[in-house]
Structures are given as structure tokens and as C-alpha cells.
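**Q** Below: one structure in C-alpha cells.
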Amino acid sequence: KVLDERLKNIGNSYLDVLKTPPIKVPKLGSFCHSESGEVAGMAVINEKGKVIATQALDLEDSWWERVRVFFVEQKTSYVAVPAKSGGDLVESLRNNEGNFLAFIPVKADALSESAAFVEGRSEGDRAEICAAIALARRLINPMREYSQLSPALILPERITDGIDRDELGRYLEEQKGLALMDPSLERIPARVLPAVPAGHVTSGGRLNPTVKSIEDVKVGMTLKGIVINLTKFGAFVNIGLSQEALIHVSEMSDTFVNDPAEIVTLGQQVEVTVVNVDMEKGRISLSLRTNPRIFEGKPPRPRFDDRKKGRDEKYQSPALRSQALKDLENLFKK
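Here the sequence shown stands for residues 3 to 336, where the numbers follow our numbering.
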């Protein structure tokens, strides 16, 4: 009776693993290091488990900055990390990037065995990358991922200690077969995570602890931010709010800037000055200039009567003004 009771409890523990609610999110990242702690694999999958991007990483110097850049470029803030076995490396990642990435710990037992079942894996694929893919898929579809493994592999030894391994294996295989025949297993409600685009702070903390809403942002403040998007007219920056702030190309340097990518890169952490806050439209303007042009209210527009008189006289006639517009248009085309 004691043995039967123990087997029943172990079976229930195994079924709890199979019935783990899946996570539903447009994109999910994953970080998984090797046993040596010298390299790591990173992956991003979509809500169907399809691999979007992967990258191997040498864990040297400021490696966590490269982790941030990778997930920023792939536009995801949620990252699966190994539970418990992650150790100091995951803690370092959490301490350095916890204000930007939201980490989700995942059961990492028998992860190397799961990596061997990664769909589409070829002989030359890095083990760390395959492990990262498997780790992320355990969140997206836990029943499918865990059912591929021998049941005894994903249960802690403390609850199976003292029981004959063959007898335990047969019992758990029976439980797995019965569970997979249960149609309710496919209807377990998913945990839906907000579709947070890269750059929106989730559960990891804040870049600027004193800034909790746009009302806390004041002109002249110096803030920390992370570049999350580059356009021809400037760079969008996350400062820890749902509102993205903009560094206009004219505010990126004390000298003329032709391309924002010349000054900043995706995922780069920057220190910026707030030069304007439009409360009505929820817009925040930032600057990287040494002496930022700070202004209150709407940005000032150049007035035509401020121009030098000599330049005004040059385009007095309609024909000359028309020619000037054409010259300007040709200049922009170049």
C-alpha cells in the first residue's frame, strides 16, 4: 500500500508537469548557457514554436550587452532562462538587464535530451542553441515537449528515490499514455502575456526608478534609455515607460548627422536629456547634444522674418521662388 501510494503521488507530480499551462506571446526569447559556462545559445521563437532567430554567444567581457542587443533587434522582451541550474550567469544577466528584459524561469531537467529532439536539427547545430530552442518551446507547448522525454527524467530524484527504476518507468509510461489520450489536455487555458514590443519595460524593474509615468518626465532631466528603433529622422528610445521617446536627428550630435546609425545602434544604452514633453499627444523629445536646445510647449518653428534680408531679396519674384523650390527638391533627392 505504501508503494502504491508513492507511485500515485509520483504519477500526479508527472501529470502536473504535462498539464503546465502554455504561454501565449507573439515572440519568446530564450537564453541557455553550456555546462562549462563559457558559451551560451540564444533563440527567438513565435507562438507556434517556429524558430525566428538564433545566435551563439561567448560569455566574455560585457556579454550581457550583446544579449540585450540580440533581443532588441528581434523585438521581444520575454526571455526564458533555466530555473535553478542557471546559477551565477542568469543572475548576472538579471542584474544587468533586468530593467529591460522580463525573465521567465523554466524547468531545465533533461534539457540536453530535449535538445536532441529539436525539430529540424542538423548534425552541425550548436548544442547551446538547440537547448535554448527546447527551453523556449517548453513554455509554448509544455505537453508536447515534456511528453517526448522519459517521464523519470523530468522528476526530481528526491521523490523517486528508493523505488525500482524499471517499475517506476512502466508505471509512468502508463500514466503518460492515459494522459495523452485525454482530450482535455489540449484545452488547458494558456497564460496570455501582453504583446509587449521590445523596449517596453515589463516585470524586471525600471531604467529610471523615479519616472513612473509621463507626468514624472520634466524638461531638463537627464535619463537613461535604450535605443529600440532607428529611422531616417531619428532614434526611438525606451526610458522605462509605455511611451517611446524620440531623439530627432538634429538632436543626436553637436555636428550635422546624416544617418542616425552613425551615432547610435540598436540596443545601445544612452544617457539623454529631456528637451520637450507634449502631454496631450504623449510625446517625449530627447537630446544627445552637449548643450541641448531645451524648450517648453511646442517646438519653436523658424520664422521667415528672422532670415537675413539679403537672402529674402534673392527670391522675391515667383519665378525665382519656384526655381528655389526645385533646387531644394533636387537636393533632397540627392
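C-beta: ideal position from N, C-alpha, C; glycine also. The model shown is predicted, which means the values in this text are computed figures rather than measured ones.
Can you list, in chain order, the residues of its chain with a C-beta nearer than 7 Å to that of Ile-249? Leave out the 5 residues immediately preceding and following it.
**A** Within the same chain, and ignoring the five residues on either side of Ile-249 in sequence, the residues whose Cβ sits closer than 7 Å to its Cβ are Gly-236, Ala-237, Val-239, Val-274, Leu-288, Ser-289, Leu-290.
**Q** Return the chain-ordered list of same chain residues with a C-beta closer than 7 Å to the C-beta of Arg-313, the five sequence neighbours on each side being excluded.
**A** Interpretation of Arg-313 is limited by its pLDDT of 49, a score under 50 that renders its predicted location unreliable; the figure taken from the coordinates is listed afterwards. Short of 7 Å from the beta carbon of Arg-313, and not among the five residues preceding or following it, lies no beta carbon of its own chain.
**Q** In whole angstroms, what separates the C-alpha of Asp-218 from that of Ala-133?
**A** 42 Å
**Q** Does the beta carbon of Lys-52 come closer than 8 Å to any beta carbon on chain B?
**A** The structure shown contains no chain B; it holds only a single protein chain.
**Q** Might you give, ordered along the chain, the residues of its own chain that have their beta carbon closer than 6 Å to the beta carbon of Gly-269, omitting 5 neighbours on each side?
**A** Take Gly-269, set aside five residues on each side of it, and the residues of its chain with a beta-carbon closer than 6 Å to its own are Arg-70, Val-71, Val-74, in chain order.
**Q** Can you tell me whether DSSP reads Glu-159 as helix, strand or coil?
**A** helix
**Q** Check Gly-13 in the structure and name its three-state DSSP category.
**A** helix
**Q** Can you tell me the Cα-Cα spacing of Lys-220 and Glu-49, whole angstroms?
**A** 39 Å
**Q** Are the CB atoms of Met-223 and Val-276 nearer to each other than 8 Å?
**A** Between Met-223 and Val-276, the CB-CB gap stays under 8 Å.
**Q** Between Val-53 and Ala-45, is the Cβ-Cβ spacing less than 8 Å?
**A** yes
**Q** What are the partner residues of Val-276, as DSSP defines its beta bridges?
**A** Beta-bridge partners of Val-276 (DSSP): Leu-288.
**Q** Counting along the chain, where does the beta strand (DSSP E) carrying Pro-107 start and finish?
**A** 104-108
**Q** Let me confirm a value: Glu-175 is counted as buried when at least 16 other C-beta atoms fall within 10 Å, else exposed. Which label applies?
**A** exposed
**Q** For Ile-142 and Ile-25, which I take to be in contact (beta-carbon distance under 8 Å), what is that distance rounded to the nearest angstrom?
**A** 6 Å
**Q** Excluding five sequence neighbours on each side, which residues of the same chain lie with their C-beta closer than 7 Å to the C-beta of Ile-161?
**A** Ile-12, Ser-15
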